[in-house]
Amino acid sequence: MLPALAGSFELDSYDPQAGQLVSPGSLPQERDVRGTAEVAGWVIEDHIARLLRQISVYIGYPYDDLDEAALTGVLDDTNDETPDGWFEYPLAGTPTLVVRLAQAPGSAVVSVRVEGAMDLVLATRVETLLDLL
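Under numbering that gives the first Met the number 0, the sequence shown has 66 at position 67, and the numbering climbs by one with no breaks.
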């Protein structure tokens with residue numbers, strides 16, 4: 000999403016996952032970000048609660064201790080290398096988002112996908128949060 004935001008102002012942007020500068024002309028055609036959008040990235044396992052708590056702030060969802068209790072041990076049976084190895088957790092704010100989590104085998108790295116009716120600003124916030132954590 001950050002490259003799309005920069006591209007809308009005809010600016011280059013740095014893609015940390017690719018490790019290179021991306022020019023606006025090399026971006027794929029922008030999808031309709033008013034529809035369902037997906038933001039993907041990864042975080043260290045210890046940062047999952049912090050990630051979900053901050054996304055919840057963005058969408059007005061009252062994330063609390065019950066949410067954290069519901070997430071206890073859910074990553075144990077996940078695998079980010081298989082399509083059906085992901086855990087889904089809904090955040091019923093405005094908009095409602097579905098957060099998919101899966102741990103890389105033998106690692107503390109957790110792959111994250113956030114899906115929902117995000118506008119460009121919300122999607123950029125989520126992507127930035129994933130980059131920072």
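All C-beta atoms, glycine included, are put in the ideal place defined by N, C-alpha and C.
What you are looking at is a predicted structure, and each value in this text was computed from that prediction instead of being measured.
Handout entry: Given 8 angstroms, three or more beta-carbon pairs between the region 78-86 and the region 44-53
Key = no
Handout entry: Nearest candidate by alpha-carbon position, reference I54, set D75, A91, E80 and N78
Key = Locating residue 54 in the sequence shown gives position 55, where the first residue counts as 1. Residue A91 is the option with its Cα nearest to I54.
Practice task
Kindly identify the DSSP beta-bridge partner or partners of Y62.
Solution key: The residue labelled residue 62 in the question sits at position 63 within the sequence shown. Beta-bridge pairing links Y62 to no other residue.
Exercise for the section: With a 10 Å radius around its C-beta and 16 neighbouring C-beta atoms as the bar for buried, classify V113 as buried or exposed. Expected result: As a working mapping, residue 113 is identified with position 114 in the sequence shown. The residue in question, V113, is buried, as its Cβ has 16 or more Cβ neighbours within 10 Å.
Practice task
Given a cut-off of 8 angstroms, decide if V38 and A122 are closer than it, judged by their beta-carbon atoms.
Solution key: Taking the first residue of the sequence shown as position 1, residue 122 is located at position 123. Taking the first residue of the sequence shown as position 1, residue 38 is located at position 39. Yes; because the gap between Cβ atoms is below 8 angstroms, this pair is in contact.
Problem - Alpha-carbon to alpha-carbon, E67 and G115 - result: Taking the sequence shown and counting its residues from 1, the one referred to as residue 115 is at position 116. Taking the sequence shown and counting its residues from 1, the one referred to as residue 67 is at position 68. C-alpha separation (whole angstroms): 21 angstroms.
Problem - Closest by C-alpha distance to V108, when choosing among D118, V97 and L132 - result: Against the sequence shown, residue 108 aligns to sequence position 109. Cα-wise, what sits closest to V108 is L132.
Practice task
Within 10 angstroms of the Cβ of Q28, are there 16 or more other Cβ atoms? Answer buried if so, exposed if not.
Solution key: Residue mapping note: residue 28 aligns to position 29 of the sequence shown, counting from 1. Here the model assigns Q28 a pLDDT of 42, short of 50, so the residue's position is not dependable and the matter cannot be decided.
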